[in-house]
Structures are given as structure tokens and as C-alpha cells.
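Residues in the sequence shown are numbered consecutively from 235, following this note's numbering. Where is the CB? At the ideal position from N, CA and C, for every residue including glycine. Being a predicted model, the structure only gives us computed values, none of them experimental.
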Amino acid sequence: MLSRALAVAVIGAAVSTPALAEPDHVHAAAEAVAVTNLDGVVVLGVAPIAASTFVTDPKLPRQPVPASDGADYLKTIPGFSTLRSGGTNGDPVLRGMFGSRIALLTNDGALSGACPSRMDNAMSYIAPETYDRLTVIKGPQTVLWGGGASAGTVRFEREIPYFDRPGVQAQGSLLAGSNNRNDQVADVSAGTQTGYARVSANRSEADDYQDGNGDEVPSAWRKWNVDAALGWTPDPDTVLELNAGTGDAQARYAGRGMDGAQFRRDGVGLRFEKKNIDGVLDAVAANVYRNEIDHVMDNYTLRDPDPNSSMPMPMASNVGDTTEGGRVALTWQQDNWEVTAGVDGRQSEHRKRSAMGRGTYKNQPWTEDAQFRTVGVFAESHWHLSEVHHLMSGVRIDRAQVEDRRATTGSGMMAMPNPTAGQKRSETLPGGFVRYEHDMSGPLGWYAGLGHAERMPDYWELFSPNRGPAGAPNAFAGVKPEATTQLDVGMEYRHGNVEAWASAYAGRIDDYILFDYMSGGMMGSTTRARNIDADIAGGEAGVDWKVADGLKLSGVLAYAWGRTDEGPLPQMPPLEARLSASGEHGAWSWGTLLRIAAAQNRVNTDQGNVVGRDLGPSAGFAVFSLNGGYRFSEHVQLTAGIDNLFDRAYAEHLNLAGNSSFGYPADPERINEPGRTAWLKLNFKY
């Protein structure tokens with residue numbers, strides 16, 4: 235196949251030519267650049283700091299109203315959108331790609347949701363403001379952070395709080411807004427030259443919101459998280475840190491037959507870093523982690539059971555996932571080259587139990603239904619051909635194994651013996667890239683990179699569908715790994731008061747994992763997972779123009795396209811533009827944001843992926859928002875905003891259909907977004 239042939243070329247170039255995408259220390263140059271694109275004191279959008287790489291500080295205020303979860307914050311970065319199901323916990327989408335095509339990491343550890351329908355995707359457990367940095371690498375343009383990330387890599391990171399003398403650092407925020415929204419965030423560190431202690435905590439809640447028509451949308455949530463770390467820093471270049479965290483939440487979903495009654499998260503990790511080592515070996519980084527999820531879904535805690543639905547009685551489902559893993563990476567540098575190489579691994583076990591009645595699931599035993607194991611080796615490097623010419627490349631090989639531990643499939647009276655019970659699948663998955671960059675730090679730079687990634691089907695693709703491909707007993711036995719080969723190109727331009735950038739991509743996906751959503755009559759709806767080849771293309775572009783001192787105009791455009799032999803690739807976001815104006819005068823700042831989404835007619839109704847399906851064409855919309863701020867000092871700033879100022883009634887194209895339990899019609903109807911929403915936020919640091 236085409237992708238296999240191109241993969242050989244990419245991996246061959248990676249092996250023969252030292253290069254680098256982003257080892258741990260290499261982004262010192264990137265980090266020296268301001269990592270956020272600020273409009274006043276409120277983030278309206280983020281521009282790239284390097285080829286295909288975006289970095290921002292998630293603690294900063296942003297518009298729309300500051301995010302309640304990781305997926306919501308990612309929408310600040312061009313190319314990202316979210317599949318919506320209510321007020322919180324949407325599923326992130328990058329360039330029309332969903333699920334495990336996006337590598338999602340927190341403190342370089344993997345976190346996996348447990349719900350078969352992704353009610354609790356990994357970003358549901360993320361409180362963005364408790365992290366110091368968000369890094370996004372688009373496309374298969376790095377191999378450092380796991381295999382199969384064909385769409386991109388997302389890292390929420392906490393930095394090491396070094397102290398050159400005994401002291402305390404503290405920052406936090408308070409937020410109040412419409413629909414009784416109120417958030418509190420605190421992040422406190424104390425330490426000396428030899429060590430530190432850090433505690434980060436947040437609490438967030440909101441009631442159901444009203445859309446632009448004044449109709450109430452079930453969407454309330456309550457969340458809290460606490461994370462702590464103890465670190466030993468014998469010198470500024472060495473750290474050994476033990477960290478642990480926990481959290482829980484509840485969330486109502488207008489687009490689901492159940493709500494999230496529990497989102498319990500417990501994790502522990504250990505990391506070691508040593509930088510600026512004398513000699514060719516420059517840095518060592520290692521970490522191990524264990525994350526456990528305990529998620530409860532029911533139809534009685536946050537709503538009343540619908541007697542006319544397929545679940546007329548109280549019912550609960552309890553699912554869990556335990557993920558353990560680690561990584562070791564060494565970086566060498568000498569003269570004009572830098573290389574990072576290492577090994578990483580991950581194991582996850584999924585379990586479930588369910589019962590009719592209120593709380594009776596707690597009396598049921600857990601049943602393990604799946605186990606995944608992956609071990610990978612990688613090498614990535616950067617060759618400084620000259621001051622303006624650079625060659626990056628990388629290669630990795632992953633060995634993935636999954637075991638089907640289900641004794642039966644289906645539930646209740648429909649349970650059947652599982653034909654693949656106890657069976658294992660193993661795959662060897664290569665990946666790599668090669669990229670040329672021309673002076674990305676100068677007034678005009680450009681890059682072009684060819685990448686390849688192969689991905690093992692994930693839990694949701696192997697165990698959630700009711701059926702597999704034709705001729706296979708189920709999805710576990712029949713769904714093949716997915717292979718993506720993609721060309722990424724881009725440019726950046728800086729001259730005077732104008733900065734502009736553009737990125738584009740075109741790719742081929744062999745054995746794209748597609749879901750068919752079918753009506754099963756009296757049996758209810760059913761899903762089938764199968765493979766099909768697909769072509770994808772699109773890109774993003776942005777411009778910032780400083781019209782005068784304290785006044786800036788900005789614009790961003792994003793477009794994603796996809797097609798198979800059966801028509802448009804489903805679940806593709808529409809063309810979207812963001813136009814903003816911002817200004818500063820002394821301690822005062824202001825900003826406006828006009829978001830425009832085109833109508834989307836490129837659909838394939840009732841096709842999709844494990845996250846969602848195409849509901850049909852959608853209308854375009856335009857939403858106008860504004861914000862203002864006052865900086866009392868370098869330690870305290872107050873910001874306020876009004877989102878959807880004109881109270882427009884609109885719905886995102888990527889959406890779950892409203893559930894009949896809340897009065898939505900049987901024909902699929904998208905869930906409307908919030909109407910006019912006001913918010914006030916106080917940020918402080920010490």
C-alpha cells in the first residue's frame with residue numbers, strides 16, 4: 235500500500251540522518267520565545283512558536299469563558315474543535331481526527347477514560363489551570379511521546395518550581411459567571427535550594443445553561459481536583475519528584491441516556507531529570523506512573539428515569555481503568571547535532587460491572603474485559619546543517635498486544651458466548667518522520683515534513699461496537715490497525731508590525747477505522763466497526779497586525795477535508811474563522827472576538843467513529859464576544875467578558891443528538907450552545 239511504501243522511505247531517512255523534533259531540553263530555544271499569543275490579558279488564540287508546534291499557558295484567562303476541562307481549552311488552538319454533548323467533557327477533535335489518533339499526556343503520563351461511549355474521555359479529568367504549560371504538536375511530526383499519534387500530540391505539563399533561596403510561590407484565580415458558574419484555583423509551592431513541595435487544587439461548578447432561545451439545556455457539573463508533589467533538587471539541573479493526585483466530578487449530559495455520577499481519578503508518579511551533563515550525554519529524563527479511573531454512569535442521580543425510554547427503571551454502570559507505564563529518554567548533543575533516544579511502555583486493564591436499581595451495582599463483582607500492553611523504542615534528532623538549514627527526523631517501533639477477556643458479549647437476556655474469549659492480538663507498528671526547516675526563527679521561514687504512524691485499534695474500537703467487519707465474528711477479531719502517511723508543510727512571516735503563519739497537510743489513511751450506526755428495530759441501535767481507506771487534507775492560517783501602539787488585529791482560518799470511496803469522511807468540522815481586535819492602554823485592556831463557522835454539507839449520515847456520528851448537514855453561525863481587563867499590579871489582574879453577546883441560538887456541527895429523556899425529539903436534534911454568558915475572573919500570583 236502507498237503508506238507502507240512511503241513509510242519505508244521516511245524511516246530510512248530517519249535512520250540515516252540524525253534529526254530531532256523535540257527532545258526534553260531542545261525546546262530551550264522555543265521556550266525562550268513568549269509561549270502565548272496574548273490579546274490584552276485574555277487569550278483569544280494561539281500562534282505557533284515553531285514548525286507545527288503550539289505552546290500556551292493554560293493559567294491565563296481566555297475567551298470564551300475559561301475552560302472547565304482539557305478539550306474546552308484546546309479549542310483556543312487553531313485546528314481543534316470539540317464534539318459537544320452538553321456543558322462539559324466534550325471530546326477533542328484535531329483536524330477532523332478523534333480518539334487515540336491524538337496522544338493525550340499529563341505530566342508525560344497516559345490517562346485513559348473508561349466509558350465505552352467515551353463519556354469520560356481523558357480530557358474530562360484535566361483541570362487546565364492546574365498546569366503550567368500546554369504543548370501541541372500537529373501531525374505525525376514527533377516520535378518521542380508514544381506511537382500511533384497520527385493527528386497530533388497534546389501535553390499538559392507542570393514545571394519544576396526551582397528555588398535559589400527559601401521561599402514561597404503562589405498563584406490562583408476566582409471565577410464567577412452566568413448559570414451559577416464558579417471556579418476556584420490555587421497553586422502553592424514552597425522550597426529551598428535542595429527541595430520543594432507543591433499543591434495544586436481546583437473546584438468548578440455550573441448549573442444547566444440556557445441557549446439563545448431561552449430553553450434550558452441539561453449541562454450542570456461539579457468538579458474538584460487536588461495534586462501534590464515533593465521534589466529533591468540537589469542542584470539546578472537535577473530533580474527527583476514524587477507526585478500524587480486525586481479528583482472527582484458529576485456531570486449532566488443533554489446528549490446521553492445516562493449522566494456521569496462519578497469521575498474518580500487517583501494517580502501517582504515518580505520522575506527524574508538531569509540536564510546539562512558534561513560531555514556528549516547532555517540530559518536524562520525518566521518517569522513512571524500509575525493512573526486509576528473509577529467512573530459511574532446512571533439515569534437516576536442527576537435525572538429521573540424516563541419510563542418511555544429503553545431504560546425505564548433506575549440503572550447504573552460502573553467502569554474502571556488502571557493504566558501503568560513509564561519512559562526513559564537520553565539526549566546527546568555535539569557540534570551541530572542533537573539526538574534523543576529511549577524506550578517507553580504502557581499497560582492498561584479495563585473492568586466493568588452494572589445493575590438495575592439504585593446503588594445496587596456496588597454489590598456486583600468487577601469483571602475484567604480487556605488488557606492492553608505496548609512497548610516502544612524511539613530515536614529522534616536535529617541536524618543543524620547551517621544557521622538557517624535544519625533537518626529533523628525520527629523513528630520508532632512499537633509492539634502492541636491486546637487480550638479479549640470477555641466471557642460473553644451483549645447483556646442481560648441477549649448475552650451470548652464470546653467467540654474470541656481469551657484470545658490475544660499482537661502487532662508490530664512502525665512510525666517515523668523526516669522534516670526540513672528553513673530558518674523558522676527569521677523573518678521568513680518554512681518547513682516540509684513527511685510522517686508515518688501506525689495505530690493499534692483502541693479499546694473503544696475493539697470492544698464497544700456490536701459488530702465487526704463482514705466475515706469477522708466481532709470487532710476484536712476483524713478490525714485492522716490504522717496506518718497514516720501525511721505531508722505537513724508550513725511557513726511563518728515576520729516583518730514590521732505584521733506576523734503571519736500558515737500550515738497545510740495532505741495524507742492517506744490506510745484501513746481508517748469507520749463506524750456505521752444502524753437501527754436495530756426492537757433490538758435498538760447497533761454499531762459496526764470496519765476498515766476503509768481515506769484521503770485527508772486541510773490546514774490553518776493566521777495573521778497578527780499591530781495597527782498602532784496598543785492596538786492589534788488578528789485572524790485565524792481552519793479547514794479540514796476528508797473522503798473515502800463511499801463519500802465524505804464523516805465527522806469533519808466545518809470551515810471556521812476567528813477574527814479578533816484587542817488593545818491595551820496603561821493598566822486597561824480590551825478584546826473582541828468574532829467566531830464564524832460555515833455550514834457543513836459534506837456529511838455521511840449515520841457514519842462516524844466511536845465518539846459520534848454524522849447527524850446530517852448543519853447550518854453556519856457567527857458569534858460575537860468581548861472582554862475587558864484591568865491589571866492592578868504585576869500580582870493581580872481582573873478580567874471580565876460576555877460570550878455570545880447577541881444571544882444567538884446555534885449548535886456546533888460536531889454534536890451528540892439530544893436525548894429523549896429531556897424532551898428532545900426522536901429525530902436527531904443537535905444540542906444548542908449557551909446563549910449570552912457573562913463572566914468575571916480574578917487572577918493573582920505571589
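In its own chain, which residues sit with a C-beta less than 8 Å from the C-beta of residue i, not counting the 5 before and 5 after it?
i, result
"Ser-588", "Met-549, Ala-550, Ser-551, Asn-552, Tyr-595, Gln-598 and Ser-645"
"Gln-444", "Asn-413, Glu-450, Val-451, Pro-908 and Gly-909"
"Asp-516", "His-259, Lys-509, Asn-510, Thr-565, Trp-566, Gln-567 and Glu-572"
"Gly-817", "Gly-274, Gly-784, Leu-785, Lys-786, Ser-823, Trp-824 and Gly-825"
"Thr-428", "Trp-466, Thr-467 and Pro-468"
So, at 7 Å on beta carbons, what are the nonlocal neighbours of residue i in its own chain, with the 5 sequence-adjacent residues on each side left out?
i, result
"Gly-491", "Asn-533, Ser-543, Met-545, Asn-893 and Ser-895"
"Glu-391", "Asn-341, Tyr-365, Asp-366, Arg-367 and Thr-369"
"Gly-175", "Residue 175 is absent from the model: the chain starts at 235 and stops at 920."
"Asp-303", "Thr-322, Asn-323, Met-357, Ser-358 and Ile-360"
"Thr-426", "Phe-397 and Pro-400"
"Ala-706", "Gly-712"
Quick check: the Cα distance between residue i and residue j, rounded to an integer number of angstroms?
i, j, result
"Leu-619", "Met-626", "10 Å"
"Asn-355", "Gly-679", "37 Å"
"Gly-789", "Lys-586", "46 Å"
"Phe-697", "Thr-290", "36 Å"
"Thr-760", "Ser-753", "6 Å"
"Asn-525", "Gly-382", "21 Å"
"Leu-787", "Ser-859", "15 Å"
"Asp-461", "Leu-294", "19 Å"
"Glu-507", "Phe-397", "16 Å"
"Gly-489", "Gly-702", "25 Å"
"Asp-421", "Arg-432", "7 Å"
"Gly-559", "Ser-660", "18 Å"
"Val-844", "Glu-621", "46 Å"
"Val-611", "Arg-561", "10 Å"
"Thr-654", "Glu-800", "30 Å"
"Ala-183", "Asp-692", "Outside the modelled stretch of the chain, which goes from 235 to 920, sits residue 183, for which no answer is possible."
"Lys-309", "Gly-279", "9 Å"
"Arg-882", "Gly-373", "34 Å"
"Glu-583", "Gly-554", "8 Å"
"Arg-812", "Val-777", "11 Å"
Give every residue of the same chain whose Cβ lies closer than 6 Å to the Cβ of residue i, excluding the five residues on either side of it in the sequence, and list them in chain order.
i, result
"Glu-637", "Gln-605 and Lys-658"
"Thr-574", "Pro-257, Ala-563, Thr-565 and Glu-614"
"Glu-774", "Pro-312, Gly-313, Ser-737 and Ala-792"
"Ile-394", "Val-473"
"Leu-464", "Ala-431 and Leu-476"
Quick check on the DSSP output: the alpha helix (DSSP H) that includes residue i runs from which residue to which?
i, result
"Phe-710", "709-712"
"Gly-576", "Counting along the chain, Gly-576 falls outside any alpha helix (DSSP H), though it belongs to the beta strand (DSSP E) covering 571-590."
Please report the Cβ distance between residue i and residue j, rounded to the nearest whole angstrom; I am assuming they are in contact, meaning their Cβ atoms lie under 8 Å.
i, j, result
"Gly-494", "Tyr-523", "Wrong, their Cβ atoms sit about 24 Å apart, outside the cutoff."
"Gly-628", "Val-377", "4 Å"
"Gly-862", "Trp-913", "About 12 Å; that fails the 8 Å criterion."
"Glu-671", "Tyr-681", "4 Å"
"Trp-455", "Arg-437", "Incorrect: roughly 11 Å between the Cβ atoms, too far for contact."
"Asp-769", "Pro-298", "Wrong, their Cβ atoms sit about 33 Å apart, outside the cutoff."
"Ala-833", "Ala-815", "No, Ala-833 and Ala-815 are not in contact; Cβ-Cβ is about 26 Å, not under 8 Å."
"Ser-334", "Glu-363", "Incorrect: roughly 26 Å between the Cβ atoms, too far for contact."
"Glu-733", "Arg-689", "Contact flag wrong, Cβ pair sits at about 35 Å."
"Ala-782", "Pro-808", "Contact doesn't hold; Cβ gap of about 34 Å is too wide."
"Glu-286", "Gly-724", "Reading the sequence as shown, one finds Ser at residue 286 and not Glu. Yes, Ser-286 and Gly-724 are in contact; Cβ-Cβ is about 6 Å, under 8 Å."
"Asp-722", "Gly-683", "5 Å"
"Gly-665", "Arg-630", "5 Å"
"Asn-906", "Gly-446", "7 Å"
For the beta strand (DSSP E) that residue i lies in, which residues bound it at each end?
i, result
"Leu-308", "Looking at the DSSP string, Leu-308 is not in any beta strand (DSSP E); the run it does join, the alpha helix (DSSP H), is 304-308."
"Glu-886", "Note, Glu-886: premise wrong, no beta strand (DSSP E); not H, not E."
"Ile-905", "No beta strand (DSSP E) contains Ile-905, which DSSP labels as neither H nor E."
"Arg-437", "429-440"
"Gly-559", "549-568"
"Arg-415", "415-426"
"Tyr-921", "It is not possible to answer for residue 921, since the shown part of the chain is limited to 235 through 920."
"Thr-316", "314-317"
"Asp-538", "Neither: Asp-538 is in no beta strand (DSSP E) and is coded neither H nor E."
"Leu-827", "822-831"
"Pro-350", "It is not in any beta strand (DSSP E) - Pro-350 carries neither H nor E in the DSSP assignment."
"Asn-861", "855-865"
Report yes or no: is there a C-beta of chain B within less than 7 Å of the C-beta of residue i?
i, result
"Glu-810", "Of the protein chains in this structure there is only one, and it is not chain B."
Which full runs of the beta strand (DSSP E) of 3+ residues lie inside the stretch 489-518, going along the chain? Runs of the beta strand (DSSP E) inside the stretch 489-518: 493-508.
Entirely enclosed beta strand (DSSP E) segments - the stretch 775-817, minimum 3 residues: When DSSP assignments are scanned along the stretch 775-817, the uninterrupted stretches of beta strand (DSSP E) that are 3 or more residues long and fall wholly within it turn out to be 785-798.
Every unbroken beta strand (DSSP E) within the stretch 461-493, with a cutoff of 3 residues, ordered by chain: Residue ranges of uninterrupted beta strand (DSSP E) with 3 or more members, entirely inside the stretch 461-493 and ordered along the chain, are 472-485.
I'd like the ranges of any beta strand (DSSP E) spanning at least 3 consecutive residues and lying wholly in the stretch 622-690. Taking only runs of at least 3 residues, the beta strand (DSSP E) segments lying wholly in the stretch 622-690 are 623-638, 658-672 and 678-689.
Note down, one range per segment and in chain order, each beta strand (DSSP E) of at least 3 residues found wholly within the stretch 697-776. Whole beta strand (DSSP E) segments, 3+ residues: 716-729 and 732-753.
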